[in-house]
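Chemist: Heads up: the sequence shown begins at 687 in this note's numbering, then just goes up one per residue. Beta carbons: idealized from backbone N, C-alpha and C, even for Gly. Structure below; questions to follow.
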Amino acid sequence: MDFAYAATEESEYMGTVWFIAKEYLKRLQVDFEEHGRKTFSLFPFGQTKTEQIEIFPGTHWITLTTRLLDLCDTPDEVKQTFFQTLLKANAKLAEVSFGIDKKECVIIRSAIPVIGISYDSFNATYEAHKNGVKFFQKSLAPLVESK
Numbered sequence: 687m688d689f690a691y692a693a694t695e696e697s698e699y700m701g702t703v704w705f706i707a708k709e710y711l712k713r714l715q716v717d718f719e720e721h722g723r724k725t726f727s728l729f730p731f732g733q734t735k736t737e738q739i740e741i742f743p744g745t746h747w748i749t750l751t752t753r754l755l756d757l758c759d760t761p762d763e764v765k766q767t768f769f770q771t772l773l774k775a776n777a778k779l780a781e782v783s784f785g786i787d788k789k790e791c792v793i794i795r796s797a798i799p800v801i802g803i804s805y806d807s808f809n810a811t812y813e814a815h816k817n818g819v820k821f822f823q824k825s826l827a828p829l830v831e832s833k
């Protein structure tokens, strides 16, 4: 297969995945912004402090990511204990995963495989992501913010 053809084919596929994600967001009736044909930013409703949920339509996965808490000024000993708590939370909440990004922020991430995607699976993943954010705000953030 010619490299240029493969790149064009992948680009067209990415456009299709982006369009599907956009249509599902419209059906969810949530406010969102488009950032080119790369990402969407959602501004969730409900009891979260979260600024936005970023949605990245990819070739194989649609990924939802949210920054939850900046740990830059958190003492190392507090971070180490908190990281263990995040690992335990990952075992409790199978639908989402918590991690640390390059900027030392706690993030939550959810992913939906593109193959076999449906509105129901997209909606379920979106709801799980929002619930993961609420869980973090209620149960995990106070462990760091109080120190």
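Give me the DSSP bridge partner(s) of Cys791.
Modeler: Asp756
Chemist: Span of the alpha helix (DSSP H) holding His815?
Modeler: Tyr805 to Phe821
Chemist: Taking DSSP as the reference, what is the three-state secondary structure of Gly802?
Modeler: coil
Chemist: Going by other Cβ atoms of all chains shown within 10 Å of its Cβ, with 16 needed for buried, is Ser796 buried or exposed?
Modeler: Classification of Ser796: buried, given that the 10 Å Cβ count is 16 or more.
Chemist: From which residue to which residue does the beta strand (DSSP E) around Glu720 run?
Modeler: Phe718 to His721
Chemist: Find out if the Cβ-Cβ distance for the pair Ile741, Leu754 is shorter than 8 Å.
Modeler: no
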